[in-house]
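First up is the structure itself, then whatever we jot down about it.
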Amino acid sequence: MEEVSISKIYKRKKSDRDIFQELMPFKVKEILLIATYYDAYTIVREGQFSDKIVGEYLQLNLYAAPRFTSVATNEEATEALDKRNFDVVIIMAGLDKESPLELSQQIKKVQPDIPVLVLVNNNSDLAFFDRAADKIKNNIDRVFVWNGSTKIFMAMTKYVEDKLNLEPDTKIGDVRVILLVEDSVKYYSRYLPLLYTSVMTQTQKVISDEGEIDELHKILKMRARPKVILVSTYEDAVEVVDKYLENLLCVISDVRFAREGILDNDSGVDLIKYVQEKNMKIPCLMQSHDTDNAIRAMQVDADFINKNSDTLALDIYNFIYTKLGFGDFVFRNQSGTKVAIAKSMDEFEEKLKYVPDESLLFHSKRNGISTWLMARGEINVAKKLRRYQIEDFKSVKDLRKFCLNVFESSRIKQLRGRIIKFRPNIVNSNHYVVRLGAGSLGGKGRGLAFLSNFIENIYFAKLIKDINISIPKTAIIGVEEYDNFIEKNNLYDKIYLDKNYKKVRDLFTKGDLPEKLKKRLRLYLEEMTGPIAVRSSGLFEDSLMQPFAGVYATYLLPNNHQDIEERFAQLETAIKLIYASIFSPDAQSYFSAVDYKIEEEKMAVIIQEVVGQESNGRFYPNISGVAQSYNYYPFSYMKPEDGFAVIAIGLGKYVVGGEKTHRFCPEHPKLQLASIEDQMKDSQKYFYAINMQKDDFDLVKDGEDAVTIKYDLSDAEKDGNLLHCASVYDYQNDRLEPDLNLRGPRVVDFANILKYNQVPIAHALSVLLTIFKQAMGAPVEIEFAVDLTKGKNMLPTFHLLQIKPLIRQEMSIDIDMSKVNKEKLVLLASKGMGNGKVDSVQDIIYMDIDKFDRTKTEEMALEIENLNQKMREQDRKYVLIGPGRWGTRDKFTGIPVLWSQISNAKVIVEQGLEDFPLDASLGSHFFHNVTSMNVGYFSIRGNTEQSFVNMDVLGKQKLVEQIHYFRHVRFKEPLEILMDGKKQASVISFK
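In our numbering, the protein residues as written are 136 to 1126.
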């Protein structure tokens, strides 16, 4: 396969938070105020000026007020500008009005880009600046008039910021625009503070209505408030309308202002007509001191405000609140009667499902929905809705469906690939991970969040055709809830002192989950009604450095009881049992093996939908599997870097337990080493599924297998799930045929999928392993499940369930067999897994072959556990040699040990015996621990020159102990163990 470069295909989508961070690149932080001592005094009022400015900002939840530096003369101003950088210069025009003109000219010569604003003391002084308009147009950006309130400074600051940030903010964050057209300094000096105060107050209310939001996010979201853009001519207004039409929230216009350099009594009316002709249904407000213009406003479908009104501030506030959608959304019928109220986006979407058709039509005709959405920053949704007229839909039902679909697709676009705080209406989606409780996600949780982010940031449909790539719907309870649980139930002193796991487990199951979490779990179950997997996600689990794979519990729940309280009780018990599994004997062995304290481990919990379909009361996926990006057992022209996969029918429990699965290389899926006879012998004979008809079960008593039942393969055929997964042995022609209509033994070889590429699973695995290997910077293992039923785009779906790194040291050991003293060899393996040199082991525990009995492998497992415990107590590592597969669940193909039963082994050797199959133990939990703890794993099929165990040498060593099946011998000096990971060759020599 052609190498896929991750840097070329990974397109990280910006979150709202990223966008908010980039908004308002220009901020006014430093203002130079130039005013005579007298003029400054009239404003500063004995030192209260700065306090008032800061107060104005804080009232509006603006967290950084600019700093003012005040100077009295032109010389001081020039000196200040030389020494420091200022964002804005404000010149107070007092009795001497010529001085500001001269100073502004000087400033612009030196710093042409710095905004220069003039503030005059009263309305009577404006006449001078009107007459000097031609002189000042290149040097003074705007003239304002002091109106007795420090709010004018906030308005002047925001005017400059909005003007300079308009283009980047609309481009990056789709920020809305309020266009104010006014040429009267007196009126816009009064209007702007009112507009800014109203807009910011309303924006703050909208933010608070949207529920839980952290302080930083509040500050950032305030940056996305509408920009207020002030212009004073018809041409400038048209330019803003044309350039920012998609973002225009409303137009507030005077009636009379300049057009082509001449005052025109019709400019305002013509501008509003121009806007309405764009057919964007943008709210318009005409304002004039002449009340006769109210009729003209009505004629162009605009609201009207009297400039001289005593209630001007309230009039503006009401217009913004009702017409621009900043208030609650009030659903009304045709007569205007209120039928429902929505305070937030979630409430709005919920109410939209049920409001009467009449109400939906009422608001759609008036464009009320898109206006309200614009005010909340939901610009993409608003734009989509604005494009359509009622006439575009056959019925109100179609209109409603369209609106809800737009909401859904927009929400997914915003949230995809992220970790989202829990809300009931978002849990039923697989485009993101839902957080049910605070704190770290744990090892598995981090892996899932990583997978989710990757899937949503790479366009897999282009890379992997004919199959969907997805993760199941996933929610995670963070580790803080584990701490809360321990604290609430006063367990800390009890659980770390009591070594009896049963007692500790009882303490957990009798404990009470935090109330907030219980409430969220109930709401979660109201939405999720299919089978769920409740999985552990410890802090150390599946991490880059700690090998805690498969130690803790996973509980599968049918989640189909008619009584939600019963379903809640089952889920609650599963969570508590996962919490308790930190203290299980297996977990305790792991903590000892890696020298970690149990107090350092904390537990997150993953709740995930189970992949699959229900057939005849059984729920299971068509295919489950595990794949690794590095193959320690390649054959033919496979390379170790090609990786390998093992797959089976049914739940993944079968695969990770090391049972009889189908193994293949994703790069070369048609390559098959085994003979037909071996394929038949090693084919899957049964599978695991959730029993959906089992109502009454006890998780505490029955454990992880409470509802997981082993079914015969013939049941899968009855369910119709062998179709692409099995072949039939044709006796007459001694071959396998992928045709289930034939009579004969069924062999699970996935021929239709791997040989004939009916479903591109091999290609999908090859691409995914390549990408994730690059992303993690290490070889990886993924667990997956495939649903062959037609899903999105009528295609089957490949679900990623888990990812974890496979740690292995660099390939540094190079074994030169010509330099090896063959007289000193204890063991030679041509198939060896592991890398490096070990020279601290003196002990070998091996099977007495003469006493081997394939029906007694469970007894052997207990015997080796006993010996391993003694080695642990003495803190001694050893080499373990025995026949068949280590770590298998099938007791007839090897010794069914858990990792904790052989945890002190530094090298594990699988011996091939006559009539006893030998292949690498493919139990993924087992192998993850072998690789991450850098344990050597050798495979010796039989005694040949290239691969053997020297039993004579072992027989001459000091016998430490012999039980029944195993002998423990000790060499006088430490053995030399060499593992060449590149050649997969390994040797053990004695001195």
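Built from N, CA and C at the ideal position, the CB exists for glycine as well.
Practice problem: Give every residue of the same chain whose Cβ lies closer than 7 Å to the Cβ of Tyr714, excluding the five residues on either side of it in the sequence, and list them in chain order. | Solution: Tyr617, Phe620, Phe643 and Met738
### Query
Going by the CB atoms, is the gap between Gln1092 and Phe1106 shorter than 8 Å?
Contact: yes.
(request) Return the CA-CA distance between Leu252 and Asn274, expressed in angstroms with no decimal places. (result) 9 Å
inquiry  = Looking at Gln743: is its Cβ nearer than 8 Å to the Cβ of Ala688?
reply    = no
- If you check the beta carbons only, do Gly787 and Ala920 fall under 8 Å apart? yes
- Message: With H, G and I counted as helix, E and B as strand and the rest as coil, what does DSSP make of Ser479?
- Response: coil
Note to self: Run through the DSSP bridge pairs and tell me what Arg467 is partnered with.
What the structure shows: Looking at the DSSP assignment, Arg467 forms a beta bridge with Lys473.
**Asked** Can you check whether the CB of Ile999 is closer than 8 Å to the CB of Ile1037?
**Response** yes
*Mind reading off the beta-carbon distance from Lys820 to Leu848? Whole number of angstroms is fine, and I expect it under 8 Å.*
6 Å
On the CB-based measure, 16 or more other CB atoms within 10 Å of its CB, does Asp813 come out buried or exposed?
That one is exposed.
Check your understanding: Whose C-beta lies closer than 8 Å to the C-beta of Pro895 among residues of the same chain, with five residues either side of it excluded?
Key -> Ile599, Lys600, Asp601 and Ile602
| query | Going straight from the alpha carbon of His1103 to that of Val915, what length do you get? | reply | 35 Å
For this session: Assign Asp869 to one of three DSSP states: helix, strand, or coil.
Result: coil
Check your understanding: How would you label Arg640, buried or exposed, when you count the other beta carbons within 10 angstroms and need 16 or more for buried?
Key -> Buried, by the Cβ-count rule.
DSSP state of Val1122, grouped into three classes?
strand
query: Which residues share a DSSP beta bridge with Ala573?
result: In the DSSP output, where bridge partners are listed per residue, Ala573 has none listed.
Is the stretch 990-1010 close to the stretch 948-958, with three or more CB pairs under 8 Å? no
Notebook entry, point to check: Who are Ile971's beta bridge partners in DSSP?
Noted result: Checking the displayed sequence, the identity of residue 971 turns out to be Gly instead of Ile. Note: Gly971 is bridge-paired with Met1114 in the DSSP secondary-structure output.
Report task. Tell me whether the beta-carbon of Asn95 lies closer than 8 Å to the beta-carbon of Ser234. Result -> The requested residue 95 is not part of the displayed model; the chain covers only 136 to 1126.
Problem set entry | Straight-line Cα distance separating Ser494 from Ser470 | 10 Å
Val1070 and Ala1040 closer than 8 Å at C-beta: yes
Grouping DSSP H, G and I as helix and E and B as strand, with all else coil, what is Cys538?
-> helix
Task: alpha helix (DSSP H) segments (min. 4 residues) lying fully within the stretch 403-445 - done: 428-434
Fill in: Closest residue to Asp1087 among Ile984, Arg1020 and Asp1025 (Cα-Cα distance)
Ile984
Below 8 Å, how does it come out for the stretch 1027-1036 and the stretch 988-998: are there three or more Cβ pairs, yes or no?
yes
Query - C-beta atoms of Val310 and Asp304 nearer than 8 Å - result: Contact check for Val310 against Asp304 passes: the beta carbons are separated by less than 8 Å.
Exercise. Might you give, ordered along the chain, the residues of its own chain that have their beta carbon closer than 8 Å to the beta carbon of Leu660, omitting 5 neighbours on each side?
Key: Asn694, Ile699, Arg702, Phe703 and Leu706
From Glu615 to Gly673, what does the alpha carbon distance come to, in whole angstroms? 12 Å
- Query: Taking buried to mean at least 16 other C-beta atoms within 10 Å of its own C-beta, is Glu347 buried or exposed?
  - Reply: Low local confidence applies: a pLDDT of 49 at Glu347 is under 50, so the model's placement there is unreliable, with the coordinate-based value given in what follows. Exposed.
Run through DSSP, which three-state label would Trp281 get?
-> coil
Q) Would Ser862 pass as a contact of Asp884 if the rule is Cβ separation under 8 Å? A) Yes, these two residues count as a Cβ contact at 8 Å.
Residue environment, His1060, which counts as buried when at least 16 other CB atoms sit within 10 Å = Because the pLDDT at His1060 is just 47, under 50, the model does not fix this residue reliably, and the value given afterwards should be weighed accordingly. Label assigned to His1060: buried.
* To the nearest angstrom, how far is it from the Cα of Gln320 to the Cα of Arg202? -> Note that residue 320 is Val in the sequence shown, not Gln. Cα to Cα, the separation comes out at about 25 Å.
- Please name the residue, chosen from Leu315, Ile710 and His696, that lies closest to Leu834 on a Cα-to-Cα basis. Ile710
Check your understanding: For Phe832, which residues from the same chain have a beta carbon less than 7 Å from its beta carbon, with the 5 sequence-adjacent residues on both sides left out?
Key -> So the qualifying residues of the chain are Ala841 and Val842.
Which of helix, strand or coil does DSSP assign to Phe1106? In the structure shown, Phe1106 sits in coil (DSSP, three-state: anything other than H, G, I, E or B).
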